[in-house]
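Asks: Below is the structure I would like to discuss, written out as structure tokens.
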Amino acid sequence: MNRKQESLQALSQSGTVNEKLSVLHKTVKEQHPFVARIAVALYDTSTGSVRTFAYSSDDRTPLKHYETQLENCHSLKKVAESKSPRVINDLTTYQLDSKNEHSKTLVNAGFESSYTLPMIWENYFFGFIFFNAKEKNVFHDRVLSDLDMIGHMITLIVFNERSRVRTLLATIKSALDITHSRDPETGNHIERMSRYARIIAREVAVQYQLDDAFVEHVYLFAPLHDIGKVKIPDSILLKNDKLTESEFEVMRTHSEAGKKLVEKLLDNYGLSGVTHIDMLKNIVLYHHEAIDGSGYPSHLKGSQIPLESRVVTVADIFDALTSERPYKKAWTNDEAFKKLDELAKDKVDPDCVAALKKHRDKVEQIQKHFQENPFG
Numbered sequence: 322m323n324r325k326q327e328s329l330q331a332l333s334q335s336g337t338v339n340e341k342l343s344v345l346h347k348t349v350k351e352q353h354p355f356v357a358r359i360a361v362a363l364y365d366t367s368t369g370s371v372r373t374f375a376y377s378s379d380d381r382t383p384l385k386h387y388e389t390q391l392e393n394c395h396s397l398k399k400v401a402e403s404k405s406p407r408v409i410n411d412l413t414t415y416q417l418d419s420k421n422e423h424s425k426t427l428v429n430a431g432f433e434s435s436y437t438l439p440m441i442w443e444n445y446f447f448g449f450i451f452f453n454a455k456e457k458n459v460f461h462d463r464v465l466s467d468l469d470m471i472g473h474m475i476t477l478i479v480f481n482e483r484s485r486v487r488t489l490l491a492t493i494k495s496a497l498d499i500t501h502s503r504d505p506e507t508g509n510h511i512e513r514m515s516r517y518a519r520i521i522a523r524e525v526a527v528q529y530q531l532d533d534a535f536v537e538h539v540y541l542f543a544p545l546h547d548i549g550k551v552k553i554p555d556s557i558l559l560k561n562d563k564l565t566e567s568e569f570e571v572m573r574t575h576s577e578a579g580k581k582l583v584e585k586l587l588d589n590y591g592l593s594g595v596t597h598i599d600m601l602k603n604i605v606l607y608h609h610e611a612i613d614g615s616g617y618p619s620h621l622k623g624s625q626i627p628l629e630s631r632v633v634t635v636a637d638i639f640d641a642l643t644s645e646r647p648y649k650k651a652w653t654n655d656e657a658f659k660k661l662d663e664l665a666k667d668k669v670d671p672d673c674v675a676a677l678k679k680h681r682d683k684v685e686q687i688q689k690h691f692q693e694n695p696f697g
């Protein structure tokens with residue numbers, strides 16, 4: 322079996338986007354050894370932001386856990402609008418006219434040229450692919466032709482990965498609708514808390530040396546944390562008063578029920594190829610664990626609780642506190658942060674609390690963008 326066949330076989334096997342990107346990078350370097358970095362950034366249509374997602378680099382990548390508004394990136398915005406590639410054969414000159422942090426960061430890391438492709442599938446734009454070199458004037462026509470083919474493969478890999486997750490999300494939403502179960506929490510709660518989770522995950526990922534794929538999947542899977550509530554009777558789920566001890570025991574079962582439901586849906590709908598699936602199961606099963614071991618269902622303590630679960634717990638509590646419910650008024654952010662500080666002593670991860678507090682400006686932007694509409 323030759324090298325190309327081995328590469329294609331590796332791509333056909335299950336693996337994360339980062340792993341597949343690494344395989345493609347090795348293939349590219351056989352013909353074009355100057356391509357020192359391939360990176361993927363995703364576009365969020367709801368907020369207009371661009372964020373790092375996956376990469377393969379000869380050295381440590383200079384851009385991780387980075388997010389910016391596309392509106393502030395004039396050149397990238399033109400790539401997105403025109404749906405046409407961009408070649409910069411001298412980044413050192415380009416960055417002098419650029420106000421963007423990412424351009425300056427790349428130059429400071431020694432990169433001198435760049436080729437950028439928009440990721441488009443069936444006329445749907447969802448991000449960028451960057452090929453970077455530490456030499457100038459290397460992206461000529463023959464090279465671009467080869468990279469266009471690789472870019473198409475990367476686009477397909479990323480699109481398929483995200484399509485599987487979307488299918489999973491849609492499947493679970495259908496399950497919620499079919500059972501006629503109704504959680505009193507709103508759709509905007511899901512939008513807010515998943516973005517709070519991403520803020521926290523991005524911050525702690527630096528501390529724990531985790532990649533952007535970890536951050537992205539925390540964001541994608543966070544909305545599914547309470548899927549097990551479809552198994553909870555409406556008389557308990559929708560109760561506007563404090564639950565009795567027996568009712569609370571029933572409510573506690575939603576974590577384990579949720580994990581079983583996820584496993585069944587993955588099997589029934591052929592979605593076992595979704596990567597980072599253990600993260601999803603951990604979020605669903607362990608988001609009610611507490612640092613001191615008083616949580617449920619497994620009474621895990623401290624670092625025994627998976628990091629992704631600790632992240633989602635803080636995000637969920639913060640939004641619950643700052644949201645109005647039939648049985649309570651919304652707390653102010655100051656009140657909610659003070660409560661989280663108290664909980665950080667023995668119930669929730671203090672690093673996750675600190676991470677959210679550090680980015681209060683982003684929290685307020687999310688609240689403004691996804692505020693509740695009292696008229697429905």
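Quick note on my numbering: the sequence shown kicks off at 322 and runs consecutively. Built from N, CA and C at the ideal position, the CB exists for glycine as well.
Check whether the Cβ atoms of V525 and V605 sit closer than 8 Å, and answer yes or no.
Replies: Cβ atoms of V525 and V605: not closer than 8 Å.
Asks: Starting from Q352, trace the alpha helix (DSSP H) in both directions and tell me its first and last residue.
Replies: Taken as a continuous stretch (DSSP letters only), the alpha helix (DSSP H) holding Q352 covers 338-352.
Asks: Pull up the DSSP beta-bridge partners for K649, would you.
Replies: Its beta-bridge partners are R646.
Asks: Roughly how many angstroms lie between the CA atoms of M572 and K668, to the nearest whole one?
Replies: Roughly 19 Å between the two C-alpha positions.
Asks: From the DSSP output, in three-state form, read off S370 for me.
Replies: Residue state, collapsed to three classes: strand.
Asks: Please report how far the alpha carbon of D655 lies from the alpha carbon of D555, in whole angstroms.
Replies: Computed Cα separation, rounded: 33 Å.
Asks: Pick helix, strand or coil for V551, following the three-state DSSP scheme.
Replies: Note: V551 maps to helix in three-state DSSP.
Asks: Less than 8 Å between the beta carbons of E433 and A401, yes or no?
Replies: The answer is no: Cβ separation not under 8 Å.
Asks: How about C673 and I478: are their beta carbons less than 8 Å apart?
Replies: Result no, Cβ atoms of C673 and I478 do not sit closer than 8 Å.
Asks: Going by alpha carbons, who is nearest to V361 out of R646, G336, Y387?
Replies: With distances taken between Cα atoms, V361 lies closest to Y387.
Asks: Taking only runs of the beta strand (DSSP E) that begin and end inside the segment 391-454, which ones reach a length of at least 3 residues, in chain order?
Replies: Qualifying beta strand (DSSP E) stretches, in chain order: 407-409, 434-442, 445-454.
Asks: Can you tell me where the beta strand (DSSP E) holding A362 begins and where it ends?
Replies: 356-365 is the span of the beta strand (DSSP E), which, as asked, contains A362.
Asks: Can you tell which of I441, Y590, D613, E663 has the C-alpha that lies nearest to the C-alpha of R485?
Replies: Checked all of I441, Y590, D613, E663; the closest Cα to R485 is Y590.
Asks: Cα-Cα, which of I626, G594, T596, I598 is closest to H608?
Replies: Ranking I626, G594, T596, I598 by Cα distance to H608 puts I626 first.
Asks: Taking only the alpha-carbon atoms, compute the straight-line gap between H690 and F460 and give it to the nearest angstrom.
Replies: Computed Cα separation, rounded: 40 Å.
Asks: What is the DSSP secondary structure of E388, counted as helix, strand or coil?
Replies: Of the three classes helix, strand and coil, the one that applies to E388 here is strand, per DSSP.
Asks: If distances are taken between C-alpha atoms only, which option among I557, H680, A578 comes closest to G549?
Replies: Cα-wise, what sits closest to G549 is A578.
Asks: Do you know offhand how far H680's Cα is from L384's?
Replies: Approximately 19 Å, taken between the alpha carbons.
Asks: Of the residues R463, L541, L465, R358, which one's Cα is nearest the Cα of G431?
Replies: G431 has its Cα closest to that of R358, out of R463, L541, L465, R358.
Asks: Leaving out five residues before and five after F569 in sequence, what residues of the same chain have Cβ atoms less than 8 Å from its Cβ?
Replies: Nothing meets the Cβ criterion.
Asks: Mind checking which residues open and close the alpha helix (DSSP H) that includes E568?
Replies: Unbroken alpha helix (DSSP H) run through E568: 566-573.
Asks: Bridge partners for Y376 per DSSP, in chain order?
Replies: DSSP, once it has assigned bridges, lists A360 as partnering Y376.
Asks: Hey, could you find the ends of the alpha helix (DSSP H) V539 is sitting in?
Replies: Residues 533-542.
Asks: Identify whether I520 lies in helix, strand or coil by the three-state DSSP scheme.
Replies: Correct three-state label for I520: helix.
Asks: With burial defined as no fewer than 16 other Cβ atoms inside 10 Å of the residue's Cβ, what is the status of S624: buried or exposed?
Replies: It counts as exposed.
Asks: Could you say which of E456, G448, P544, H353 lies nearest to F480 if we only look at CA atoms?
Replies: Comparing Cα positions, the closest option is G448.
Asks: Is it buried or exposed, T348, if we count other Cβ atoms within 10 angstroms and call 16 or more buried?
Replies: Buried, by the Cβ-count rule.
Asks: Within the continuous alpha helix (DSSP H) that includes F658, where are the two ends?
Replies: Counting along the chain, the alpha helix (DSSP H) containing F658 begins and ends at 654-664.
Asks: Is I409 near the ligand NAD, with its Cβ less than 7 Å from a heavy atom?
Replies: This structure lacks the ligand NAD, and indeed carries no ligand of any kind.
Asks: Can you check which of these residues, F452, S466, I475, Q530, is closest to V442 by C-alpha distance?
Replies: Here residue 442 is Trp; the residue named in the question, Val, does not match the sequence. The residue with the shortest Cα to Cα distance from W442 is I475.
Asks: Just mark G616 as buried or exposed, buried being the case when its beta carbon has 16 or more other beta carbons within 10 Å.
Replies: Classification for G616: buried.
Asks: For a test of the three-state rule: what should DSSP assign to K679, helix, strand or coil?
Replies: Correct three-state label for K679: helix.
Asks: Spatial neighbours of W652 within its chain, please: C-beta separation below 6 Å, excluding the five flanking residues on both sides.
Replies: Same-chain partners within the cutoff: L642, T643.
Asks: Residues in the same chain with beta-carbon distance under 7 Å from V527, minus the five sequence neighbours each way, listed in chain order, please.
Replies: Counting only Cβ-Cβ distances below 7 Å, and skipping sequence neighbours, we find H386.
Asks: Since I believe L412 is in contact with S424 (beta carbons under 8 Å), could you give me their beta-carbon distance rounded to a whole number of angstroms?
Replies: Their Cβ separation, rounded to whole angstroms, is 7 Å, which keeps S424 and L412 in contact under 8 Å.
Asks: Helix, strand or coil: which one does DSSP assign to T500?
Replies: Note on T500: pLDDT 46, under 50, position unreliable in the model; the coordinate value appears next. Note: T500 maps to helix in three-state DSSP.
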